[in-house]
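*Asks:* Before I ask anything, here is the structure I am working with.
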Amino acid sequence: MHLLLYAGIGFLAGFMSGMFGIGGGSVRIPLLHLAGLPLISSFGINLVVIPFSSMVGAFTHRRNIDTKTGCCMIPGGILGSLSGAFLAGAVSEKLLAIIFVIISLLTIPGIHLQRLAPRLARKIKPSCGKILAGTFLLNFVIGMRGGSGGALFPPFLKIMGLDIRKAIATSLFVTIFTALAGMFVYWERGDIPFLYAVVVLLGSILGARAGGKLSLRTKPAWLEFLLSFLILILAFLVLFRAFK
Numbered sequence: 003m004h005l006l007l008y009a010g011i012g013f014l015a016g017f018m019s020g021m022f023g024i025g026g027g028s029v030r031i032p033l034l035h036l037a038g039l040p041l042i043s044s045f046g047i048n049l050v051v052i053p054f055s056s057m058v059g060a061f062t063h064r065r066n067i068d069t070k071t072g073c074c075m076i077p078g079g080i081l082g083s084l085s086g087a088f089l090a091g092a093v094s095e096k097l098l099a100i101i102f103v104i105i106s107l108l109t110i111p112g113i114h115l116q117r118l119a120p121r122l123a124r125k126i127k128p129s130c131g132k133i134l135a136g137t138f139l140l141n142f143v144i145g146m147r148g149g150s151g152g153a154l155f156p157p158f159l160k161i162m163g164l165d166i167r168k169a170i171a172t173s174l175f176v177t178i179f180t181a182l183a184g185m186f187v188y189w190e191r192g193d194i195p196f197l198y199a200v201v202v203l204l205g206s207i208l209g210a211r212a213g214g215k216l217s218l219r220t221k222p223a224w225l226e227f228l229l230s231f232l233i234l235i236l237a238f239l240v241l242f243r244a245f246k
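Under this note's numbering, the first residue of the sequence shown carries the number 3, and numbering increases by one thereafter.
Next comes the structure, spelled out in structure tokens:
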């Protein structure tokens with residue numbers, strides 16, 4: 003029964019990952035924890051799953067991947083993931099939740115920046131340095147709570163001028179590498195229960211494929227709206243869990 007529950011959690015998080023280009027950890031971690039796993043094990047399983055589910059999602063979205071932007075993101079993302087994973091548990095969950103919510107609320111307007119403030123959007127000049135620094139910051143904060151940065155990559159890439167489909171595809175591509183970096187830290191510490199990780203992984207791969215296919219059939223405006231709504235809900239769920 004537990005294995006079926008974990009497979010279902012994996013499918014749901016994988017579907018969200020393929021649909022919106024997020025790592026899926028913001029869905030996967032709290033549900034695994036509620037299902038009875040220690041929080042640190044939920045972090046570890048999440049980082050095992052993300053590279054594989056993101057690989058499936060990235061393959062589905064492969065024609066929209068911006069490889070130049072992705073190559074700028076990967077070094078910053080890996081450094082941020084490693085730094086965050088090493089510091090996991092050193093910073094209070096309440097402080098992490100507050101930081102995560104602030105960053106989330108700041109990124110939501112970025113998804114719609116070209117419509118809300120077209121002049122401001124034109125003034126933002128993306129560069130490899132800005133993309134690398136932004137990716138490091140996002141991964142550092144989210145890496146401390148067992149994530150890969152993927153939840154905030156698509157809105158960040160929208161701010162950097164990518165359209166929503168390219169933002170989703172590139173986010174999935176980059177999270178393959180950023181999650182692998184954090185996963186090795188958790189694996190070395192023995193924080194990953196192997197059997198549960200495999201079950202969640204299989205569910206996530208199936209979900210990522212289904213979500214990716216639906217994403218390609220969904221209008222960009224709907225993707226932007228639904229992604230904004232998802233980020234808002236996840237941000238306040240994180241805050242609620244930290245202060246309950």
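Where is the CB? At the ideal position from N, CA and C, for every residue including glycine.
Using 8 Å as the cut-off, can you tell me whether the stretch 155-166 makes contact with the stretch 3-11, which would need three or more C-beta pairs spanning the two stretches below that distance?
*Replies:* No: the two stretches stay apart, fewer than three of their Cβ pairs being nearer than 8 Å.
*Asks:* In chain order, what residues of the same chain have a beta carbon less than 6 Å from the beta carbon of Thr-137, not counting five sequence neighbours either side?
*Replies:* Closer than 6 Å at Cβ, skipping near neighbours: Met-75, Gly-78 and Gly-79.
*Asks:* The alpha helix (DSSP H) spanning Arg-211 covers which residue range?
*Replies:* Taken as a continuous stretch (DSSP letters only), the alpha helix (DSSP H) holding Arg-211 covers 196-219.
*Asks:* Find the nearest neighbour of Ala-135 within the set Leu-97, Ser-83 and Ala-99, judged by alpha-carbon distance.
*Replies:* For the residues Leu-97, Ser-83 and Ala-99, the minimum Cα distance to Ala-135 belongs to Ser-83.
*Asks:* Can you tell me whether DSSP reads Ala-37 as helix, strand or coil?
*Replies:* Residue state, collapsed to three classes: coil.
*Asks:* Roughly how many angstroms lie between the CA atoms of Arg-97 and Arg-219, to the nearest whole one?
*Replies:* Per the sequence shown, residue 97 should be read as Leu rather than Arg. So the alpha carbons of these two residues sit roughly 39 Å apart.
*Asks:* Phe-54 and Leu-216: beta carbons closer than 7 Å?
*Replies:* Going by C-beta atoms, Phe-54 is not nearer than 7 Å to Leu-216.
*Asks:* When you compare each of Gly-16, Lys-132 and Asp-193 to Thr-71 by their alpha carbons, which one comes out closest?
*Replies:* For the residues Gly-16, Lys-132 and Asp-193, the minimum Cα distance to Thr-71 belongs to Lys-132.
*Asks:* If I measure Cβ to Cβ from Phe-17 and keep anything under 6 Å in the same chain, skipping five residues before and after, which residues do I get?
*Replies:* If we look at Phe-17 and ignore the five residues flanking it on each side, its Cβ neighbours are Gly-209, Ala-212 and Gly-213.
*Asks:* What's the C-alpha gap between His-63 and Ala-171?
*Replies:* Taking the straight line joining both Cα atoms gives about 5 Å.
*Asks:* Which parts of the stretch 38-75 are runs of the beta strand (DSSP E), unbroken and 3 residues or longer, counting only runs that do not cross its ends?
*Replies:* The stretch 38-75 contains no whole beta strand (DSSP E) run of 3 or more residues.
*Asks:* Enumerate in chain order the residues of its own chain whose CB-to-CB distance from Leu-81 is below 7 Å, with the five nearest sequence positions on each side excluded.
*Replies:* So the qualifying residues of the chain are Phe-138.
*Asks:* Would DSSP call Met-146 helix, strand or coil?
*Replies:* If DSSP states are grouped into helix, strand and coil, Met-146 belongs with coil.
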